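Visitor: If you read the sequence shown in my numbering, its first letter stands for residue 415, the second for the next number, and so on.
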Amino acid sequence: NIGAYLEGKSNEAEKMDALQVIEQCDADIIAELTYTDIQTAEPATSHVKKALQTGKHVVTSNKGPAALFYNELKTLAEENDRLFKIEGTVMSGTPVFNLCENAFAGNEIKEINGILNGTTNFILSKMEEEGMDYEDALQLAQKLGYAEADPTADVEGYDALAKIVILSNVLLGGNIKPSDAAREGITALSKDKILEAKKEGYRYKLIASTRKENGRIVASVSPQKLPLSEPLSGIMGANNALSFDLDLLGKVTIQGPGAGKTETGYSILVDILAIHRQILK
């Protein structure tokens, strides 16, 4: 049992799996920080469910549960009078959900466009600024730690897709899955095409987009040729950005780091503090 383990009586402590620990611990908040599996969202979803079912608030930076089961988990949290916070799932520590909930209160979000993957933005920036081929830019991204050994999730658009689905469901009130959105990565985008666009006064970016159209959510991820006057075209390197089209404020763009250990840790802290404030109300 947990008590025996904490008291140093390891010989009396039985081995427990994560679900048992979540159920038996007396924590007020569970921070779910396991690896992201965007195909099954496990084991994170089981962890989140168990925590909510046993009366614990949940904060997570794991995209899986939020992308595949957000509405279900939100309902479960409400049924158990608990909070389910996911600030770190999109743009890491850069405020998105807390910003929209507080600073955008009273506005309707009509459309969201964003650069939600730092790896692909870094690669495209290097291809344009230094004339690098795709493979060379990718290798540099891997060397600097921006890209994984297997970069598929980034360069084929799966990571950005998961994030735009989360934004669609949380901020636009949708109920879509990643399979409901169109997806195209950057692997077919040549250096020549990028440099040609540069001569014309345009810049390619991998844009994640979502909007309401005739009562339904239309979401996609694809490379787009943006004019240099567009705020998102000026986001270079590994930075992320989101542009909101609001009915009262018009267009508002935020920029910041989309990854990093400190940034992710900060997103968890922000959600814990938000839960604390709501409990004290």
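Ideal Cβ placement from N, Cα and C applies to all residues, glycine included.
Predicted, not measured: the structure shown is a model, and the values here were computed from it.
Please name the residue in 619, 491, 625 and 651 whose C-alpha comes closest to that of residue 639.
Guide: Per the Cα distances, 619.
Visitor: Taking its Cβ as the centre, do 16 or more other Cβ atoms sit within 10 Å of residue 630, making it buried, or is it exposed?
Guide: Exposed, since its Cβ has fewer than 16 Cβ neighbours within 10 Å.
Visitor: Per the DSSP calculation, residue 471 is bridged to which residue(s)?
Guide: In the DSSP output, where bridge partners are listed per residue, residue 471 has 443.
Visitor: Could you name each continuous beta strand (DSSP E) segment of 3 residues or more that falls completely within the segment 639 to 695, going from the start of the chain to the end?
Guide: Listed in chain order, they are 653 to 660 and 664 to 671.
Visitor: Starting from residue 528 and walking both ways along the beta strand (DSSP E), at which residues does that stretch end?
Guide: Residues 523 to 529.
Visitor: Three-state secondary structure (DSSP) at residue 455?
Guide: Coil.
Visitor: Over what stretch of residues does the beta strand (DSSP E) that includes residue 623 continue unbroken?
Guide: Run containing residue 623: 616 to 627, per the beta strand (DSSP E) assignment.
Visitor: Compare the beta carbon distance of residue 485 and residue 661 with 8 Å and say whether it is the shorter of the two.
Guide: No, these two residues do not count as a Cβ contact at 8 Å.
Visitor: Which stretch, first to last residue, makes up the alpha helix (DSSP H) that contains residue 377?
Guide: Not covered by the structure: residue 377. The range shown for the chain is 415 to 695.
Visitor: What three-state label does DSSP hand residue 511 in the structure shown?
Guide: Residue 511: helix per DSSP, three-state reduction.
Visitor: What are the partner residues of residue 634, as DSSP defines its beta bridges?
Guide: Residue 634 pairs with 596 and 623.
Visitor: Does residue 593 pass the burial test, meaning 16 or more other C-beta atoms within 10 Å, or should it be called exposed?
Guide: Under this definition residue 593 is an exposed residue.
Visitor: Are at least three pairs of beta-carbons, each pair with one atom in the segment 507 to 518 and one in the segment 673 to 684, less than 8 Å apart?
Guide: Yes: at least three Cβ pairs fall under 8 Å.
Visitor: Buried or exposed: which applies to residue 573, given that a residue is buried once 16 or more other Cβ atoms fall within 10 Å of its Cβ?
Guide: Residue 573 is buried by the Cβ-count criterion.
Visitor: With the cut-off set at 8 Å, would you say residue 542 and residue 617 are in Cβ contact?
Guide: In this structure, residue 617 lies closer than 8 Å to residue 542 by Cβ.
Visitor: Quick check: residue 479 and residue 490, are their CB atoms within less than 8 Å of each other?
Guide: Their beta carbons are not under 8 Å apart, which means residue 479 does not touch residue 490 by this criterion.
Visitor: Short of 7 Å in beta carbon distance, which residues of its chain neighbour residue 589, apart from the five on each side in sequence? Order them along the chain.
Guide: If we look at residue 589 and ignore the five residues flanking it on each side, its Cβ neighbours are 485 and 583.
Visitor: Starting from the C-beta of residue 608, find all residues in its chain whose C-beta is less than 6 Å away, skip the five residues before and the five after it, and write them out in chain order.
Guide: Within the same chain, residue 608 has close Cβ partners 541, 542 and 618.
Visitor: Does the beta-carbon distance from residue 568 to residue 561 come in below 8 Å?
Guide: Yes, they are a contact pair.
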